[in-house]
RNA sequence: GGUCUCGUGGCCGAGUGGCUAGGCAGAGCUCUGCAAAAGCUCCUACAGCGGUUCGAAUCCGCUCGAGACCUCCA
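In the numbering used here, the protein residues as written are 1 to 502.
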């Protein structure tokens with residue numbers, strides 16, 4: 001029996017608004033697509049939350065034995081700024097501002113994105129396609145939609161006919177929006193003459209003479225619209241219907257709604273079985289975003305060099321902080337919360353180091369209650385993660401396990417109350433849930449043999465001094481090390497360990 | 001204005017009809033030469049009002065408050 005059969009996943013589907021049992025289209029295989037970044041600027045912490053959410057999903061799918069194809073795109077063209085008709089392409093605009101080739105912009109910020117994901121231990125997707133690499137496919141699907149009567153061309157631009165689509169399908173199925181409301185409300189903009197209705201959206205835009213990024217098409221030189229790239233790249237690599245589509249809550253409308261319309265219109269079937277939206281990171285209750293000026297960069301977070309930050313925080317602290325809340329809730333950023341997370345994470349990380357070094361003697365006088373307790377904790381790890389990826393609850397279980405580990409370390413004899421096999425399973429579960437399922441690594445504050453050796457010399461020296469009951473000198477060594485950020489910890493049996501503080 | 005989400009103890013945050021969330025902070029105790037770490041114990045809340053129910057933080061209604069989306073945003 002596969003783990004995913006033993007612990008079936010239930011997840012909240014934005015499409016139905018309900019928590020549903022997760023059943024893949026092809027047994028044992030998960031196809032998932034996540035809207036990646038538009039690489040026109042550095043990614044900020046809010047962006048990170050989304051990619052972390054889907055990192056957890058893909059990790060846990062694999063953890064349970066699914067084979068996963070995870071596609072996450074890079075938007076390097078077509079994402080417009082402002083109104084669609086006069087909007088400028090974000091990449092092109094940035095290129096003009098910085099006096100760079102568009103591909104230089106793309107390269108720079110793609111690299112930054114990859115660096116950041118690596119720092120947060122966010123694993124790379126299976127495929128990372130880019131919009132500019134799929135121009136042909138985008139033109140093809142646009143042609144197809146015109147042929148089907150669901151799109152129309154005006155002055156070298158092509159728009160999706162939402163009203164027409166809505167006659168046979170339901171535009172607004174994902175976001176719960178009503179097409180009449182959409183046509184009436186919203187702003188009246190002078191330059192929307194081209195479109196038949198203001199809710200129509202661009203599949204292809206004619207390039208103005210000064211526009212840098214342009215490709216030939218049946219409608220003249222231009223560039224693709226934003227929504228079409230995701231439709232093309234998701235269905236190309238995952239099929240016309242695939243299991244799961246993710247993205248930030250703010251993409252639900254219009255981006256994902258448009259994706260559904262395009263794909264359903266072109267292929268005659270709904271493209272995605274489960275839609276998952278991760279919620280926003282807020283600062284003082286306001287959504288973190290570049291435009292509101294309350295965003296900060298991961299590098300500022302690590303160094304603490306931002307007005308909103310009291311100090312720097314490590315990537316794993318932040319990862320832990322984010323996992324303490326459910327992905328579907330907004331999460332408010334604050335220094336207090338980060339400091340609390342830093343300490344909490346340290347506890348789990350210490351237990352991870354300790355349990356790795358812990359081994360069972362082989363002898364045991366079984367205490368059935370203790371054994372049951374262990375297997376229950378193991379079971380709860382899976383249950384909580386399978387329940388809509390409830391990382392907050394899983395962490396609570398891991399904290400219980402950490403306490404158990406600490407107890408064993410200080411009272412070795414209690415380890416004999418459980419059998420060696422049970423302990424082995426417990427140990428493996430703690431380590432694998434921490435490192436694989438949740439991606440929480442030990443933060444090795446020292447990876448420097450020279451420093452490690454030096455501290456160990458001091459530790460040996462202090463041991464000797466302590467045995468001679470020269471506590472004044474013993475305390476001086478400890479205090480002086482503490483002064484430069486090295487905390488010594490005296491064990492019961494005279495052993496000493498140390499920890500580097502940030 | 002429309003669509004939707006949320007309001008949990010000093011703080012952060014799970015939970016969704018009866019059963020301890022958890023972390024951080026705070027108080028006490030144990031261990032320890034003293035610290036640190038660790039363990040144990042305490043602090044037990046669900047915006048307000050009304051309703052459904054044997055029973056509601058959890059369901060329904062209203063009020064108040066906060067936020068998101070409707071325009072680029074993860």
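For each residue, glycine too, the CB sits at the ideal point set by N, CA and C. Note that the structure is predicted; figures quoted are calculated from it, not measured.
So the alpha helix (DSSP H) residue 114 belongs to, where does it begin and stop? Translated into the one-based positions of the first chain, residue 114 becomes position 114. Taken as a continuous stretch (DSSP letters only), the alpha helix (DSSP H) holding residue 114 covers 102-119.
Below 8 angstroms, how does it come out for the segment 154-162 and the segment 201-211: are there three or more Cβ pairs, yes or no? yes
Classify residue 505: buried if its beta carbon has 16 or more other beta carbons within 10 angstroms, exposed otherwise. Outside the shown range of the chain, which is 1 to 502, sits residue 505, and nothing can be said about it.
Whole-angstrom C-beta distance between residue 30 and residue 54, which should lie under 8 angstroms: Taking the first residue of the first chain as position 1, residue 54 is located at position 54. Taking the first residue of the first chain as position 1, residue 30 is located at position 30. Incorrect: roughly 12 angstroms between the Cβ atoms, too far for contact.
Quick one: what's residue 224 bridged to in DSSP? Taking the first chain and counting its residues from 1, one reaches residue 224 at position 224. Answer is 204, bridged to residue 224.
Closest residue to residue 370 among 275, 415, 104 (Cα-Cα distance): Counted from its first residue, the first chain places residue 370 at position 370. Selected option, being the one with the closest Cα: 415.
Coarse secondary structure for residue 490, derived from DSSP in three states: Within the first chain, the letter at position 490 stands for residue 490. Looking at residue 490 - three-state DSSP - the assignment turns out to be strand.
Using the three-state DSSP reduction, which class does residue 255 fall into: helix, strand or coil? Mapped onto the first chain, residue 255 falls at position 255. Reduced to three states, the DSSP call for residue 255 is helix.
In whole angstroms, what separates the C-alpha of residue 237 from that of residue 71? To locate residue 237, count along the first chain from 1; it is residue 237. To locate residue 71, count along the first chain from 1; it is residue 71. Rounded to whole angstroms, residue 237 to residue 71 spans 8 angstroms at the Cα level.
Count the other C-beta atoms from every protein chain shown that fall within 10 angstroms of the C-beta of residue 89, then say buried if there are 16 or more, exposed otherwise. In the first chain, the residue the question calls residue 89 occupies position 89. By the neighbour-count rule (16 or more Cβ atoms within 10 Å), residue 89 is buried.
Between which two residues does the alpha helix (DSSP H) containing residue 143 stretch? The count along the first chain starts at 1 and reaches residue 143 at position 143. It spans 135-147 - the alpha helix (DSSP H) in which residue 143 sits, taken as one unbroken run.
Check residue 153 in the structure and name its three-state DSSP category. Counting from one through the first chain, the residue named residue 153 turns up at place 153. Three-state DSSP puts residue 153 in a strand.
Could you pull the DSSP bridge partners for residue 69 from this structure? Along the first chain, read from residue 1 onward, the residue named residue 69 stands at position 69. Bridge partners of residue 69: 31.
Output the residue ranges of the alpha helix (DSSP H) runs that lie fully inside the segment 294-345 and measure 4 residues or longer, sorted by chain position. 298-303, 315-323
Spatial distance of residue 142 from residue 327 (CA atoms): Taking the first chain and counting its residues from 1, one reaches residue 142 at position 142. Taking the first chain and counting its residues from 1, one reaches residue 327 at position 327. Distance between the alpha carbons of residue 142 and residue 327 is about 34 angstroms.
Cβ-based neighbour list, residue 128, same chain, cut-off 8 angstroms, excluding 5 preceding and 5 following: The residue given as residue 128 occupies position 128 in the first chain. The residues are 36, 71, 72, 73, 74.
So, for residue 126: in the same chain, excluding its five sequence neighbours on each side, which residues have a beta-carbon less than 8 angstroms away from its beta-carbon? Working through the first chain from its first residue, we reach residue 126 at position 126. Taken in chain order, the residues that qualify are 68, 69, 70, 71.
Segment limits, beta strand (DSSP E) that includes residue 281: Taking the first residue of the first chain as 1, we reach residue 281 at position 281. Run containing residue 281: 281-283, per the beta strand (DSSP E) assignment.
With a threshold of 8 angstroms, establish whether the CB of residue 475 neighbours any heavy atom of the ligand FMN. Looking for the ligand FMN in the displayed structure turns up nothing, as the structure carries no ligands at all.
Does the separation of the CB atoms of residue 40 and residue 93 fall below 9 angstroms? On the first chain, residue 40 is found 40 positions in, with the first residue counted as 1. On the first chain, residue 93 is found 93 positions in, with the first residue counted as 1. Their beta carbons are under 9 angstroms apart, which means residue 40 touches residue 93 by this criterion.
Would you give the residue range spanned by the alpha helix (DSSP H) that residue 376 belongs to? Residue mapping note: residue 376 aligns to position 376 of the first chain, counting from 1. Segment 368-386, the alpha helix (DSSP H) holding residue 376.
Can you give me the start and stop residues for the alpha helix (DSSP H) that residue 364 sits inside? The residue labelled residue 364 in the question sits at position 364 within the first chain. Careful: residue 364 lies outside any alpha helix (DSSP H) and carries neither H nor E.
Is DSSP giving residue 286 helix, strand or coil here? Position 286 of the first chain, counted from the first residue, corresponds to residue 286. Of the three classes helix, strand and coil, the one that applies to residue 286 here is strand, per DSSP.
From the DSSP output, in three-state form, read off residue 17 for me. Numbered from 1 along the first chain, position 17 holds the residue referred to as residue 17. Here residue 17 sits in coil by DSSP.
Decide if residue 176 is buried, meaning its Cβ has at least 16 other Cβ atoms within 10 Å, or exposed. Here the question's residue 176 lines up with position 176 in the first chain. Classification for residue 176: exposed.
DSSP beta-bridge partners of residue 497: As a working mapping, residue 497 is identified with position 497 in the first chain. 489, per the DSSP bridge assignment.
Residue 273 (DSSP reduced to helix, strand or coil): Numbered from its first residue, the first chain carries residue 273 at position 273. Here residue 273 sits in strand by DSSP.
So residue 59 packs on residue 436, CB below 8 angstroms; how close in whole Å? As a first step, residue 59 must be located in the first chain, where it is residue number 59. As a first step, residue 436 must be located in the first chain, where it is residue number 436. Right, their Cβ atoms sit about 6 angstroms apart.
Cβ contact check for the segment 232-247 and the segment 259-277: 3 or more pairs under 8 angstroms: yes
Quick test of your reading: residue 492 and residue 499, contact by CB under 8 angstroms. State the CB separation rounded to the nearest angstrom. On the first chain, position 492 is the one that residue 492 refers to. On the first chain, position 499 is the one that residue 499 refers to. Rounded, the Cβ-Cβ distance is 17 angstroms, inconsistent with contact.
Under the three-state DSSP convention, the category residue 26 falls into: Translated into positions along the first chain, residue 26 becomes position 26. Residue 26: strand per DSSP, three-state reduction.
Quick one: what does DSSP say residue 191 is sitting in, helix, strand or coil? Walking along the first chain from the start, residue 191 turns up at place 191. Per-residue confidence for residue 191 stands at a pLDDT of 48, beneath the threshold of 50, marking its modelled position as unreliable; no derived number is given.
Cut-off 7 angstroms between Cβ atoms - residues of its own chain near residue 174, not counting five sequence neighbours on either side: Taking the first residue of the first chain as position 1, residue 174 is located at position 174. So the list reads 14, 15, 252, 256, 257, 260, 275, once near-sequence residues are dropped.
Sub-9 angstroms separation of residue 23 and residue 12 beta-carbons: By one-based count along the first chain, residue 23 stands at place 23. By one-based count along the first chain, residue 12 stands at place 12. Cβ atoms of residue 23 and residue 12: not closer than 9 angstroms.
Using C-beta distances below 7 angstroms, list every residue in its chain close to residue 186, excluding the 5 sequence neighbours before and after it, in chain order. In the first chain, the residue the question calls residue 186 occupies position 186. Because the pLDDT of residue 186 is 49, which lies under 50, any placement of that residue in the model is unreliable, and the question is left without a value.
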